[in-house]
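First the structure, in the form of structure tokens, and then the observations on it.
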Amino acid sequence: AQSVTQLDSHVSVSEGTPVLLRCNYSSSYSPSLFWYVQHPNKGLQLLLKYTSAATLVKGINGFEAEFKKSETSFHLTKPSAHMSDAAEYFCVVTPYNFNKFYFGSGTKLNVKP
Amino acid sequence: DAGVTQSPTHLIKTRGQQVTLRCSPKSGHDTVSWYQQALGQGPQFIFQYYEEEERQRGNFPDRFSGHQFPNYSSELNVNALLLGDSALYLCASSLDGGGSSYEQYFGPGTRLTVT
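As they're listed, the protein sequences go chains P and E. The opening position of the first sequence corresponds to residue 582 in my numbering, with each subsequent residue numbered one higher. The opening position of the second sequence corresponds to residue 722 in my numbering, with each subsequent residue numbered one higher.
This is how it looks when you write it as structure tokens:
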């Protein structure tokens, strides 16, 4: 069975400070993991993905995530938040065959000036 | 190159009616997945179509059915609509067997309101 838990429903940071969005997963198989971002009234955009290659994954817009099997985590980070980062972020797990995707409940990121 | 397109963008239906939503995948993609995103929640997987067959299904009743055409486009049908079916319906496309290069692209969604 697969599942994803996003530990924070809301995160608020000041512009220029680091961002940490937490994600824990449960998977019966070697999973692939993704982070997507959803801006208001816009479609889901892929930020980055882990598919059993390097455990530290770099994505678009300065985001990165580290796959930690021992902790079953895939936290999303960014060194310095920008106002344009304000959006909802979803962590996603899928088994090796990509046949079924499980989304977390989402984390809304607020960036204060 | 057009990405994933969905139609219509908005739809209002009455309880008990039936609805059909449409999706055209990104060029070169052969797999289509459908998701339901209720307000304030993450998308929930409905089913995935590949080679014109339903390959995988989430926890949705049989009122939800789909179809994939030879050109890889897809339809989602919902019968006997309930108020709880009100949601954003997302279509996503991908290329089967992508391995480490696998990516799933999402369309903008169809907002369904059931009154």
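C-beta atoms are modelled at their ideal positions from N, C-alpha and C, and glycine is treated no differently.
I believe T675 of chain P touches F682 of chain P by the beta-carbon criterion, under 8 Å. Please report the beta-carbon distance rounded to the nearest angstrom.
Counted from its first residue, the first sequence places residue 675 of chain P at position 94. Counted from its first residue, the first sequence places residue 682 of chain P at position 101. The pair is a contact, with the Cβ atoms about 5 Å apart (cut-off 8 Å).
Chain-ordered neighbours of F671 of chain P on chain E, where CB pairs are closer than 7 Å
To locate residue 671 of chain P, count along the first sequence from 1; it is residue 90. Result: G763.
Mind checking whether T688 of chain P and Q583 of chain P have CB atoms under 9 Å apart?
Taking the first residue of the first sequence as 1, we reach residue 688 of chain P at position 107. Taking the first residue of the first sequence as 1, we reach residue 583 of chain P at position 2. Against a cut-off of 9 Å, the Cβ pair of Q583 of chain P and T688 of chain P comes out as no contact.
Given T836 of chain E as reference, the closest of E:A801, E:S745, E:P791 and E:V753 once Cα atoms are compared:
As a position in the second sequence, residue 836 of chain E is number 115, starting the count at 1. Sorting E:A801, E:S745, E:P791 and E:V753 by C-alpha distance to the C-alpha of T836 of chain E places E:A801 at the top.
Opposite N605 of chain P in the DSSP bridges: which residues?
Residue mapping note: residue 605 of chain P aligns to position 24 of the first sequence, counting from 1. Its beta-bridge partners are P:T586 and P:S654.
Three-state secondary structure (DSSP) at L803 of chain E?
Along the second sequence, read from residue 1 onward, the residue named residue 803 of chain E stands at position 82. The three-state reading of DSSP puts L803 of chain E in coil, since its state is none of H, G, I, E or B.
Spell out a yes or no on whether the region 802–811 of chain E and the region 754–767 of chain E are touching, meaning 3 or more CB-CB pairs, one atom from each, closer than 8 Å.
The region 802–811 of chain E, when compared against the region 754–767 of chain E, does touch it at the 8 Å Cβ threshold.
Tell me H731 of chain E's beta-bridge partners as DSSP assigns them.
One-based indexing of the second sequence puts residue 731 of chain E at position 10. Under DSSP, H731 of chain E takes part in a beta bridge, and its partners are E:R832.
Flag this pair as yes or no: are the beta carbons of E645 of chain P and L629 of chain P separated by less than 9 Å?
The count along the first sequence starts at 1 and reaches residue 645 of chain P at position 64. The count along the first sequence starts at 1 and reaches residue 629 of chain P at position 48. Yes.
When you compare the region 735–745 of chain E with the region 646–660 of chain P, are there three or more beta-carbon pairs, one atom per stretch, that lie closer than 8 Å?
Short answer: they don't touch.
Rounded to the nearest angstrom, how far is the Cβ of K693 of chain P from that of S595 of chain P, given a contact under 8 Å?
What you label residue 693 of chain P is simply residue 112 of the first sequence in a count that begins at 1. What you label residue 595 of chain P is simply residue 14 of the first sequence in a count that begins at 1. 5 Å between Cβ atoms; contact.
So with Cβ pairs under 9 Å, would you call L627 of chain P a contact of chain E?
Mapped onto the first sequence, residue 627 of chain P falls at position 46. Interface residue (Cβ-Cβ distance to chain E less than 9 Å): L627 of chain P is classified as such.
Considering only their Cβ atoms, is the gap separating P746 of chain E from L625 of chain P smaller than 9 Å?
Here residue 625 of chain P corresponds to residue number 44 of the first sequence, with the count starting at 1. Here residue 746 of chain E corresponds to residue number 25 of the second sequence, with the count starting at 1. Not closer than 9 Å, so no.
C-alpha distance - D751 of chain E paired with S815 of chain E, whole-angstrom precision
In the second sequence, residue 751 of chain E corresponds to position 30, counting from 1. In the second sequence, residue 815 of chain E corresponds to position 94, counting from 1. Each residue's alpha carbon lies about 6 Å from the other.
Out of P:N605, P:H620, P:S613 and P:F615, which one is the CA nearest neighbour of S665 of chain P?
Residue numbering aside, residue 665 of chain P sits at position 84 when the first sequence is read from its first letter. If we check each option's Cα against that of S665 of chain P, P:H620 comes out closest.
Going by other Cβ atoms of all chains shown within 10 Å of its Cβ, with 16 needed for buried, is Y793 of chain E buried or exposed?
As a working mapping, residue 793 of chain E is identified with position 72 in the second sequence. By the neighbour-count criterion, in which 16 or more other beta carbons inside 10 Å mark a residue as buried, Y793 of chain E falls on the buried side.
Relative to the C-alpha of F827 of chain E, which candidate in P:V592, P:Y610 and P:V618 has its C-alpha closest?
Mapped onto the second sequence, residue 827 of chain E falls at position 106. For F827 of chain E, the closest C-alpha among the options P:V592, P:Y610 and P:V618 is that of P:V618.
If you reduce the DSSP assignment to three classes, tell me which class S786 of chain E lands in.
Residue 786 of chain E sits at position 65 when you count from the first residue of the second sequence. In the structure shown, S786 of chain E sits in a strand (DSSP, three-state: E or B).
Chain P residues whose Cβ lies nearer than 7 Å to that of E774 of chain E:
As a position in the second sequence, residue 774 of chain E is number 53, starting the count at 1. Contacts between E774 of chain E and chain P, judged by CB atoms closer than 7 Å, are missing: the closest CB pair is about 12 Å apart.
If contacts are defined as beta-carbon pairs under 8 Å, then G787 of chain E and Y770 of chain E qualify, I think. What distance do you get, rounded to the angstrom?
Indexing the second sequence from 1 puts residue 787 of chain E at position 66. Indexing the second sequence from 1 puts residue 770 of chain E at position 49. So it is a contact: roughly 6 Å between Cβ atoms.
To the nearest angstrom, report how far apart P612 of chain P and N780 of chain E are at their CA atoms.
Translated into positions along the first sequence, residue 612 of chain P becomes position 31. Translated into positions along the second sequence, residue 780 of chain E becomes position 59. Between the C-alpha atoms of P612 of chain P and N780 of chain E there is a straight-line separation of about 20 Å.
Assuming contact is defined by CB atoms lying nearer than 9 Å, are S796 of chain E and T741 of chain E in contact in what I supplied?
Working through the second sequence from its first residue, we reach residue 796 of chain E at position 75. Working through the second sequence from its first residue, we reach residue 741 of chain E at position 20. The sequence given here places Glu at residue 796 of chain E; Ser does not occur at that position. Their beta carbons are under 9 Å apart, which means E796 of chain E touches T741 of chain E by this criterion.
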